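Residue numbers (this note's numbering): 40 to 212. All C-beta atoms, glycine included, are put in the ideal place defined by N, C-alpha and C. None of the values given here were measured: they were computed from a predicted structure.
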């Protein structure tokens, strides 16, 4: 299993003045709605600041590097002349990729899953080449090559367990 992206929500202890932050944070720009977009360099991490005092951080290595990344972002906020103190850090979504052995066509797998209750699947090959399966809080996209994408897990172990269980379920068909 390879982690391809992680989305984290970081809450600060107070709101953010986005106008002042944009002025003091070179390279930031207003989003289409009420947020401020920023790319943390040199890694090019996407950060979305909200006036509520929350911000989103995305990237495949966020779990391992969360402390240093958050520290650097808070430092950038301070450099813009704003107070910022960490309140909470949450992983919202882990996206990972894996490859498993499948011995049937997606059509046959879909028909088997339709008769059961463990996995909620959709398969419309005219619209999307993969089967979309929802199980135990995660969504798994399965392709005819055996490649799969797992999204919605909040921990690495949850993603690993979902892929393991899904693979076992496929092999029992």
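So residue 204 is in the alpha helix (DSSP H); what residue range does that whole segment cover?
Residue numbering aside, residue 204 sits at position 165 when the chain shown is read from its first letter. Per DSSP, residue 204 belongs to the alpha helix (DSSP H) from 195-210.
The alpha helix (DSSP H) spanning residue 52 covers which residue range?
Counted from its first residue, the chain shown places residue 52 at position 13. Segment: none, residue 52 is in no alpha helix (DSSP H) and carries neither H nor E.
Using a Cβ-Cβ cutoff of less than 6 Å, which residues in the same chain neighbour residue 136 once the five nearest sequence positions on both sides are dropped?
Walking along the chain shown from the start, residue 136 turns up at place 97. Excluding positions up to five away in sequence, the list reads 41, 43, 188.
In angstroms with no decimal places, state the Cα-to-Cα distance between residue 46 and residue 193.
By 1-based counting over the chain shown, the position of residue 46 is 7. By 1-based counting over the chain shown, the position of residue 193 is 154. Looking at the two C-alpha atoms, the distance is approximately 9 Å.
Report the rounded CA-to-CA distance for residue 153 versus residue 181, giving the unit in angstroms.
Along the chain shown, one-based indexing puts residue 153 at 114. Along the chain shown, one-based indexing puts residue 181 at 142. Computed Cα separation, rounded: 15 Å.
Local conformation of residue 62 per DSSP, three classes
Residue numbering aside, residue 62 sits at position 23 when the chain shown is read from its first letter. Of the three classes helix, strand and coil, the one that applies to residue 62 here is helix, per DSSP.
Please state the DSSP three-state secondary structure of residue 146.
Along the chain shown, read from residue 1 onward, the residue named residue 146 stands at position 107. Residue 146: helix per DSSP, three-state reduction.
Decide if the segment 159-170 is in contact with the segment 101-109; the criterion is three or more beta carbon pairs, one per stretch, under 8 Å apart.
Verdict: no, contact absent.
Does residue 125 come out as helix, strand or coil in the three-state DSSP assignment?
As a first step, residue 125 is located in the chain shown; it is residue number 86 there, counting from the start. Secondary structure of residue 125 (DSSP, three-state): strand.
Flag this pair as yes or no: are the beta carbons of residue 55 and residue 90 separated by less than 7 Å?
As a working mapping, residue 55 is identified with position 16 in the chain shown. As a working mapping, residue 90 is identified with position 51 in the chain shown. A contact, by the Cβ cut-off of 7 Å.
Going by DSSP, what residue range makes up the beta strand (DSSP E) through residue 159?
Taking the first residue of the chain shown as 1, we reach residue 159 at position 120. Element bounds for residue 159: 159-161.
Are residue 169 and residue 139 closer than 7 Å when you measure CB to CB?
The residue you call residue 169 lines up with position 130 of the chain shown. The residue you call residue 139 lines up with position 100 of the chain shown. Residue 139 is positioned such that its CB atom lies no closer than 7 Å to that of residue 169.
Check the DSSP bridge columns for residue 88 and list the partner residues they point to.
Residue numbering aside, residue 88 sits at position 49 when the chain shown is read from its first letter. DSSP lists 75, 94 as the beta-bridge partner residues of residue 88.
Proximity winner among 78, 88, 59, 57, relative to residue 66 (alpha-carbon distances):
Here residue 66 refers to the residue found at position 27 when the chain shown is read from its first residue. Of 78, 88, 59, 57, the residue nearest in Cα terms is 78.
Quick check on the DSSP output: the alpha helix (DSSP H) that includes residue 101 runs from which residue to which?
Counting from 1 along the chain shown, the entry for residue 101 is found at position 62. That run of the alpha helix (DSSP H) goes 101-118.
Please report the residue range of the beta strand (DSSP E) in which residue 40 lies.
For the purposes of this step, residue 40 is taken as residue 1 along the chain shown, with counting starting at 1. Secondary structure note for residue 40: it is in no beta strand (DSSP E), with a DSSP letter that is neither H nor E.
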